[in-house]
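Colleague:
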Amino acid sequence: MPSLTAEELHGNRLQWLYAIDVLIETQGEVCLLPLPGDAAERLFPSVRFRVRERSRHKSALVMQKYSRQQAREAEQKARAYQALVAQAEIELAFHSPETVGKLVCTLE
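For what it's worth, the numbering used here labels the leading residue of the sequence shown as -13, then goes sequentially.
So this is what it looks like as structure tokens:
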């Protein structure tokens, strides 16, 4: 079992023991100073996998949110266009061929 020298401790024994206790209790989720940053990954190899999976899942959720937002915007545009088409059909229904010709001329 490796032991740390006085130079490597960089703090008192109680800080180290507390940090190790927290690391063990959280199963590598929390790695406090004075422990080295990679202590959790070395002692709990599953931590790296968990972190990577969480990151991947978070990215997937962001992409889903973005996709849903784009789909919603496209649907709103399509509905607005259909509403304009329906309004134009209603307005044209009340015009005779002569008035439609005049209307087209004024729009051009």
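The beta-carbon is built from N, C-alpha and C at its ideal position, and this holds for glycine as well.
1) Using the Cα positions of residue 95 and residue 10, report the straight-line distance between them to the nearest angstrom.
2) Going straight from the alpha carbon of residue 78 to that of residue 60, what length do you get?
3) Give the straight-line distance between the Cα atoms of residue 75 and residue 56, rounded to the nearest whole angstrom.
4) Are the Cβ atoms of residue 18 and residue 5 separated by less than 8 Å?
5) Closest to residue 20 by C-alpha separation, out of 64, 14, 3, would be which residue?
Modeller: This is what the structure holds:
1) Absent from the structure is residue 95, since the part of the chain shown begins at -13 and ends at 94.
2) About 27 Å.
3) Going by the C-alpha atoms only, they are around 29 Å apart.
4) If you check the CB distance, residue 18 and residue 5 come in under 8 Å.
5) Taking only the C-alpha atoms, the option nearest residue 20 is 3.
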